[in-house]
Amino acid sequence: MKAQFSHRNSKWCCFLRVLNTMVSWDISFQINAENSLTEPHVAHVITEALSAESALFVGNSMVIRDADMYGHNCKTHAHSIAHMMLDSELPYLGIRVAGNRGASGIDGLLSTAIGFAVGGNKQVLCLVGDVSMLHDTNGLAILTQRVSRKPMRILVINNHGGAIFSLLPIADKTDPRILDQYFYTSHRISIHKLCAAHSVRHLRVKTKVELQEALLKFEHEKTDCVIEVESGIGANSTFHSTLSKSAQQAADHALSILSRLSVQVSISDGFISLQDP
Ligand SMILES: Cc1ncc(C[n+]2csc(CCOP(=O)(O)OP(=O)(O)O)c2C)c(N)n1
Numbered sequence: 001m002k003a004q005f006s007h008r009n010s011k012w013c014c015f016l017r018v019l020n021t022m023v024s025w026d027i028s029f030q031i032n033a034e035n036s037l038t039e040p041h042v043a044h045v046i047t048e049a050l051s052a053e054s055a056l057f058v059g060n061s062m063v064i065r066d067a068d069m070y071g072h073n074c075k076t077h078a079h080s081i082a083h084m085m086l087d088s089e090l091p092y093l094g095i096r097v098a099g100n101r102g103a104s105g106i107d108g109l110l111s112t113a114i115g116f117a118v119g120g121n122k123q124v125l126c127l128v129g130d131v132s133m134l135h136d137t138n139g140l141a142i143l144t145q146r147v148s149r150k151p152m153r154i155l156v157i158n159n160h161g162g163a164i165f166s167l168l169p170i171a172d173k174t175d176p177r178i179l180d181q182y183f184y185t186s187h188r189i190s191i192h193k194l195c196a197a198h199s200v201r202h203l204r205v206k207t208k209v210e211l212q213e214a215l216l217k218f219e220h221e222k223t224d225c226v227i228e229v230e231s232g233i234g235a236n237s238t239f240h241s242t243l244s245k246s247a248q249q250a251a252d253h254a255l256s257i258l259s260r261l262s263v264q265v266s267i268s269d270g271f272i273s274l275q276d277p
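The sequence shown begins at 1 in UniProt numbering and counts up by one.
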């Protein structure tokens with residue numbers, strides 16, 4: 001997507017972009033500083049696994065939210081605040097991105113991604129949660145059918161349940177056993193064995209380096225594959241809360257600097273307003 005602003009050079013617009021970038025620098029720092037392979041890290045680096053020949057399909061639940069919050073355009077990163085203020089257009093890669101919206105169902109996501117790969121004639125990278133994948137294991141059967149299309153990489157974030165519910169206020173107020181059974185629908189299904197049953201290549205990754213190597217390996221080998229990212233609901237929830245606190249602090253800090261400049265900044269009810277004095 002490419003956006004243009006009619007008032008793109010106005011002072012408040014530049015300031016908002018600086019604020020946005022300072023927060024995104026903080027998020028990048030936190031994600032890179034964390035040694036373990038986190039779900040926000042996957043969203044953060046996924047663009048590095050894409051080329052002009054690729055397209056991205058993003059599943060529902062946390063993967064699309066993480067891609068929205070923590071994804072970044074690695075090829076056109078601003079190098080300085082001055083550069084950012086002068087740069088009048090939003091950076092973009094020109095990669096096609098698709099997802100299933102409507103009722104935001106987690107059903108049929110693999111099958112849709114395969115249809116997207118056939119229709120668009122691109123190497124699709126599909127990002128999906130484990131429960132979503134289990135809702136559509138028939139997608140694996142479609143994957144092995146002989147339809148003419150380019151190879152697909154399916155990246156499954158396996159936190160062994162629906163992690164999105166751990167980020168809702170109900171998670172703090174509910175008995176863990178009830179949460180596990182009825183909200184997270186935690187499971188021990190082997191994605192490796194499911195893939196084997198469908199003769200789909202599978203690789204499980206636990207570290208940042210293993211993820212990078214797996215993405216490169218299957219891109220070069222040009223074969224369909226499932227890359228399973230090992231994660232956990234508790235660790236994911238903790239890291240999301242660390243990130244959001246740190247982003248909040250970075251925003252406060254950036255605002256305190258910006259407000260000392262020639263524009264007046266005021267915040268009320270969570271809204272930021274910038275006015276020429
Ligand atoms: C067809 C359908 N059934 C149930 C839901 C409710 N729902 C929303 S997110 C979610 C859990 C998804 O889990 P997963 O795909 O593993 O992603 P995560 O939450 O871990 O990111 C469920 C069951 C839904 N959106 N659509």
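Each residue gets a CB set at the ideal place from its N, CA and C atoms; glycine is no exception. Because the structure is a prediction, the values reported are computed rather than measured.
| request: Classify L261 as buried or exposed, calling it buried when 16 or more other Cβ atoms lie within 10 Å of its own Cβ. | output: It is exposed - the Cβ of L261 has fewer than 16 other Cβ atoms within 10 Å.
| message | Excluding the 5 residues flanking H77 on each side, which residues of the same chain have their C-beta closer than 7 Å to its C-beta? | response | Bear in mind that a pLDDT of 46 at H77, under 50, signals an unreliable position, so the number given afterwards is only what the model happens to contain. No residues qualify anywhere along the chain.
| Going by DSSP, which residues form a beta bridge with R201? | Paired residue(s): C225.
| task | Could you give the DSSP three-state label for V131: helix, strand or coil? | result | The three-state secondary structure of V131, taken from DSSP, is helix.
| said: Run through the DSSP bridge pairs and tell me what E230 is partnered with. | reply: Bridge partners of E230: N158.
| query | By Cβ distance, which residues of its chain are closer than 7 Å to S61, with the 5 residues on each side in sequence left out? | reply | Closer than 7 Å at the Cβ level, and outside the excluded window around S61, lie I106, G129, S132, G162 and I164.
| Is F57 near F116, with beta carbons less than 8 Å apart? | Yes; because the gap between Cβ atoms is below 8 Å, this pair is in contact.
| field | Beta-carbon proximity of G71 to N159, cut-off 8 Å | value | Inclusion of G71 and N159 in the CB contact set at 8 Å is not warranted, their separation being larger than that value.
| said: Once DSSP output is grouped into helix, strand and coil, what is the label at R125? | reply: Correcting the residue identity first, residue 125 is Leu in this sequence and not Arg. Strand at L125.
| Apart from the five residues on each side of it in sequence, which residues of its chain come closer than 7 Å, Cβ to Cβ, to I95? | Within the same chain, I95 has close Cβ partners L50, S54, A55 and L56.
| said: For V58, report the span of its beta strand (DSSP E) as first-last. | reply: Residues S54 to V58.
| So V147 is in the beta strand (DSSP E); what residue range does that whole segment cover? | Following the DSSP letters along the chain, one finds V147 in no beta strand (DSSP E), marked with neither H nor E.
| query | Helix, strand or coil: which one does DSSP assign to S88? | reply | The predicted position of S88 is uncertain, since its pLDDT is 44 and thus under 50; no value can be drawn from it.
| message | My assumption, with CB atoms under 8 Å, is that T38 sits in contact with F239. Please give the rounded CB distance. | response | Rounded, the Cβ-Cβ distance is 5 Å, consistent with contact.
| Burial state of I227 (16 or more Cβ within 10 Å) | Buried: at least 16 other Cβ atoms inside 10 Å.
| Just reading off the beta strand (DSSP E) that R96 is part of, what are its end residues? | Run containing R96: R96 to A98, per the beta strand (DSSP E) assignment.
| query | Should S256 go down as buried or exposed, given a rule of 16 or more other Cβ atoms within 10 Å for buried? | reply | The residue is exposed, with fewer than 16 neighbouring Cβ atoms inside 10 Å.
| field | Contact under 8 Å by Cβ, G234 with L127 | value | Contact flag unset, no.
| request: Report yes if the C-beta distance between I157 and V42 is below 8 Å; otherwise report no. | output: Result yes, Cβ atoms of I157 and V42 sit closer than 8 Å.
| task | Give the straight-line distance between the Cα atoms of L258 and F15, rounded to the nearest whole angstrom. | result | Here the C-alpha atom of L258 lies approximately 7 Å from the C-alpha atom of F15.
| What do you reckon, is the C-beta of S28 under 7 Å from a heavy atom of ligand 1? | Within 7 Å of the C-beta of S28 there is not a single heavy atom belonging to ligand 1.
| task | Please indicate yes or no: does the CB of V58 lie closer than 7 Å to some heavy atom of ligand 1? | result | Outside the cutoff, so no.
| Quick one: Cα of K173 to Cα of G119, how far? | If I take the Cα positions, the gap works out to 45 Å.
| query | Any heavy atom of ligand 1 closer than 7 Å to the Cβ of V229? | reply | V229: no, Cβ never under 7 Å from ligand 1.
| request: For the alpha helix (DSSP H) holding I170, just list the boundary residues, first then last. | output: Counting along the chain, I170 sits inside no alpha helix (DSSP H), nor does DSSP assign it H or E at all.
| said: Assuming D26 is part of the alpha helix (DSSP H), what are its boundary residues? | reply: Note, D26: alpha helix (DSSP H), K11 to A33.
| Does the beta-carbon distance from L110 to I64 come in below 8 Å? | Between L110 and I64, the gap from beta carbon to beta carbon reaches 8 Å or more.
| In three-state terms, what does DSSP make of R177? | For R177, the secondary structure class from DSSP, reduced to helix, strand or coil, is helix.
| Of the residues G99, Q181, L194 and H198, which one's Cα is nearest the Cα of T144? | For the residues G99, Q181, L194 and H198, the minimum Cα distance to T144 belongs to H198.
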